[in-house]
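Here this note's numbering is used: position 260 in the sequence shown is 267, and no number is missing along the way.
The block underneath contains the structure these notes are about, expressed in structure tokens.
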Amino acid sequence: MTRARIPPSLAVLLALLLLGGGGRAHALHTQVVERDGERYTLVELDLAQDRLELRWTGDEGRPLGGVEGARAWAQAHGRTLEFVTNAGIYDRELRPLGLHIEDGQQRRRLNTVRLPGTVGNFSMQPNGVFYVDQAGHAGVLSTQAWQRQPPLARIASQSGPMLLVDGQVNASFDAASRSAKIRSGVCAPDPQHVVFAISHAPVSFHRFASMLRDDAHCRDALFLDGSLSQIWTRTGGYVGAPAPQLKPWVGMFVVLAPPAAASVTR
């Protein structure tokens with residue numbers, strides 16, 4: 008059997024296409040998981056190729072607010088938006104209600120207030136922090152663990168409750184619960200990879216957490232938000248909450264396409 012040879016000129020053209028936008032220069036991977044009659048979208052990032060950013064405000068200091076705000080911000084910087092989803096908790100003044108670190112700068116401090124467990128999702132213990140450190144390694148820590156030994160983070164967002172703790176579904180979740188909402192969350196199956204997940208329809212905390220453990224293969228996972236959550240990708244569009252339910256986002260995780268490679272002239 009003979010192997011076809013690619014002419015050198017064609018090989019160079021293919022390489023330039025891959026570098027200059029003819030092929031994706033990132034590793035963003037989207038899949039739909041079906042489990043017990045429910046559907047979830049999982050978006051996996053490889054931090055060696057996908058630079059995950061956390062953004063609250065644009066260049067003028069106003070909250071970006073959502074997908075369109077993030078897209079406009081990216082375009083203003085000559086970039087293309089590839090992925091965006093909402094980050095953690097926020098207050099009525101559209102400020103992060105917990106730890107928020109962008110580009111290594113802490114813009115909001117860690118929230119260690121413990122409220123009765125019936126006062127919102129964040130009050131369910133433990134809550135926690137998703138982060139990517141300065142070495143490009145991702146993880147999820149409980150708020151208490153972060154308080155004891157905070158990593159040197161490039162980005163970090165606090166939310167709650169934690170969905171998985173050391174491989175176990177949060178003990179406060181009831182497997183028989185009928186409380187169902189759209190759920191979104193984040194986890195890191197290993198330090199180089201991050202998985203963002205969202206349900207297509209309302210589900211319980213327990214079922215959502217079990218999916219992240221069994222299908223995303225995560226040991227620690229953090230709930231991001233419920234009824235207002237969406238994931239948007241350039242190739243797949245929107246998944247999650249219907250438009251009438253949406254409220255402004257405060258923090259958001261974004262991935263931008265790499266800058267276009269310089270053109271090559273002959």
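Note that the Cβ used here is the ideal one computed from N, Cα and C, for glycine as well.
A quick note: this is a predicted structure, and the numbers were derived from the prediction, not measured.
| query | result |
| --- | --- |
| Sequence-distant residues of its chain with Cβ nearer than 8 Å to P251 (five each side left out) | Only weak support exists for where P251 lies, its pLDDT of 45 falling under 50; the value from the coordinates is given anyway. There are no such residues. |
| Top-ranked residue by Cα proximity to P196, from L49, R42, E41, E60 | L49 |
| Whole-angstrom C-beta distance between L54 and I162, which should lie under 8 Å | Going by Cβ atoms, the distance from I162 to L54 rounds to 11 Å, so no, they are not a contact pair. |
| L231, buried or exposed, once every other Cβ within 10 Å from all chains shown has been counted against 16 | buried |
| Distance between G243 and P198 (C-alpha atoms, nearest Å) | 26 Å |
| Cβ neighbour criterion (16 or more within 10 Å) applied to P103 | buried |
| CA nearest to the CA of Y138, picked from V202, I189, E67, L235 | V202 |
| Contacts around R31, its chain only, beta-carbon distance under 6 Å, and the 5 residues preceding and following it disregarded | Model confidence at R31 stands at a pLDDT of 49, short of 50, so the residue's coordinates are unreliable and nothing is read from them. |
| Straight-line Cα distance separating A264 from N134 | 32 Å |
| Boundaries of the alpha helix (DSSP H) in which M218 is found, first to last residue | 212 to 221 |
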